[in-house]
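A.B. asks: Structure provided below as C-alpha cells; questions to follow.
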Amino acid sequence: MRSWRWFLSRVMRLFLRWFRLCPRRGRRKRPSRLQDLWNYGTVLLKSLYFNVLTNSDTVMDCVFEPIYWLVDNMTRWFGVVFVSLVIALTSSIVIIVYLCVLPIIFSSYPVHWILWHLFYGHWNLLMIVFHYYKATTTCPGFPPQEKSDIPTVTICKKCIVPKPARTHHCSICSRCILKMDHHCPWLNNCVGHFNHRYFFSFCLFMTMGCIYCSISAKDMFLDAYNAVESSYQTPPPAFTHQERMVHKSLIYLWVLTSSVSVALGALTLWHAALITRGETSVERHINRKERKRLRMKGKAFRNPYHHGRINNWKIFFGVEKQSDWLTRVLMPSSHLPRGDGLMWDCPAYKNNTVAI
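Residue numbers (full-length UniProt numbering): 1 to 356.
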C-alpha cells in the first residue's frame, strides 16, 4: 500500500509542473489552471477510492469510525472506574445510615418501626450487594466457536462465527453475546442471557433502596438543611464539629438517593417494559424498524419471543411454581435462566407476520 509520502510527492510534483508551465505574463490565468489541477486531483482521488456501492451511510460510518473506536476503548477502560464509583457511593450511604440515621431512629421511633427498619433495610442491602456482585462477575454467555448442530441465523461479520438467534456482537467486549441487551459500563460487563436477571434485579432493588432512604431521611434532611442555613445567621448557632458533619452527611444522603431513585427508576421502568414485551434493548430497535417496514406492506409485526406479559416475567425470573416468587425473586438465588441461550421456544404461531 502506498504511503503518505508518495501521495505528498505526487501533489508537489503536480504543483511544480503547473508552476513551470504557467508563463510569467499569464499568471493572471492561474485560477483556471488551479481549477484544472483541482479537477485532475479529484479524478485521481476518485480513481483510487471510488466504490459504486458507497453511499452516505457508509461514508458517515467511515468518518465516525475513529470516534466509535475511542468511545469503545474508553468505555472498556473506564468500566473499572465506574464499578469502583458504584461501590464507593453505595458504601458511603450505608456508613451514613449506620452512623447518622439509625441512632435517630433508635432514639425517636417506636419498637415496631425500629424492627421494620432493621429488617427491610438489611434485606434490601443484601439484595443489592448480591445482585450487583453476580451481575458483574457472571459471564453473559458466548456462542460456541466450533461448529455444532445448533441453528444459526447468520454469521457475525466481525467474529466470523455462527450467530444464533438473539445473539449480537459487542464492540466493547469484541465478542458475540447470547441474547445481548447492552454493554453496561457500571457493571464493566455485557448484559446477556446469563446475567440479565441479575442486572434488572440490581436496578430494581437499588431503586427501592434509594426510595426507602430518601423517604426515611426526609425529616432529618429538612432539619439538617435548616441547621446549615441557620449557620449564616448572626450570631451563628453553637454547633459542634460532629453535629455539622452529621448535618452535611444527611444532606448528601438525601440528595444522592433522591437523584439516583429518579434516574435509575426511569431506567428500571424502561427495562420492565421491555421484559413485559419479551424484548431486549437491541431487539427493541430491530423490531421497531421491522414493524414499520411491514406496516407499509399491509402486515402486522409479531414478536416471535413474546409469550404473554405474565409468562414473559416467569421466563425472565425462572419462575416455575408459585413458591419460586419468594425463593427466586425476593431472596438471593443463583439459579440459571431457562434455556441455554442458543435455541428459543417460540409461541404457537410460527410466522411473525400476519395480514391486516
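Here a beta-carbon is modelled for each residue, glycine too, at the ideal position from N, C-alpha and C.
(1) What does a CB cutoff of less than 6 Å around G141 pick up in its chain, not counting 5 residues either side in sequence?
(2) Quick check: the Cα distance between Y305 and W313, rounded to an integer number of angstroms?
(3) Considering C190, what are the terminal residues of the beta strand (DSSP E) in which it resides?
(4) Can the beta-carbon of F82 be found closer than 8 Å to that of A135?
(5) Could you give the distance in angstroms between the alpha-carbon of S91 and the alpha-carbon of F239?
(6) Quick check: the Cα distance between G79 and V228, rounded to an integer number of angstroms?
(7) Which first and last residues belong to the alpha helix (DSSP H) in which R175 is found?
(8) Given that a residue counts as buried once 16 or more other Cβ atoms are within 10 Å of its Cβ, and exposed if not, what is F309?
(9) In chain order, what residues of the same chain lie with their CB nearer than 6 Å to the CB of W270, ignoring the 5 residues before and after it?
(10) With DSSP collapsed to three states, give me the class of H307.
(11) Taking 8 Å as the threshold, find out whether the stretch 168-183 comes into contact with the stretch 278-297 through three or more Cβ pairs.
(12) When the Cβ atoms of the stretch 204-221 are set against those of the stretch 249-261, are three or more pairs found closer than 8 Å?
(13) Is the beta carbon of R328 closer than 8 Å to that of F316?
(14) Pull up the CB-CB distance for V255 and C100, whole angstroms please, since I reckon it's below 8 Å.
(15) With burial defined as no fewer than 16 other Cβ atoms inside 10 Å of the residue's Cβ, what is the status of G41: buried or exposed?
(16) Put P103 into one of helix, strand or coil per three-state DSSP.
C.D. replies: Per the coordinate set shown:
(1) L178, G192, H193, F194 and G341
(2) 12 Å
(3) N189 to V191
(4) In this structure, F82 sits away from A135, with a CB-CB distance that is not shorter than 8 Å.
(5) Roughly 27 Å separates the two Cα atoms.
(6) 36 Å
(7) DSSP places R175 in no alpha helix (DSSP H) but in the uninterrupted beta strand (DSSP E) bounded by R175 to I177.
(8) The amino acid occupying residue 309 in the given sequence is Arg; Phe does not appear at that position. Flag for R309 reads exposed.
(9) none
(10) coil
(11) Segments in contact, yes.
(12) yes
(13) no
(14) Actually they are not in contact, since the Cβ atoms of V255 and C100 sit about 14 Å apart, beyond 8 Å.
(15) exposed
(16) Helix.
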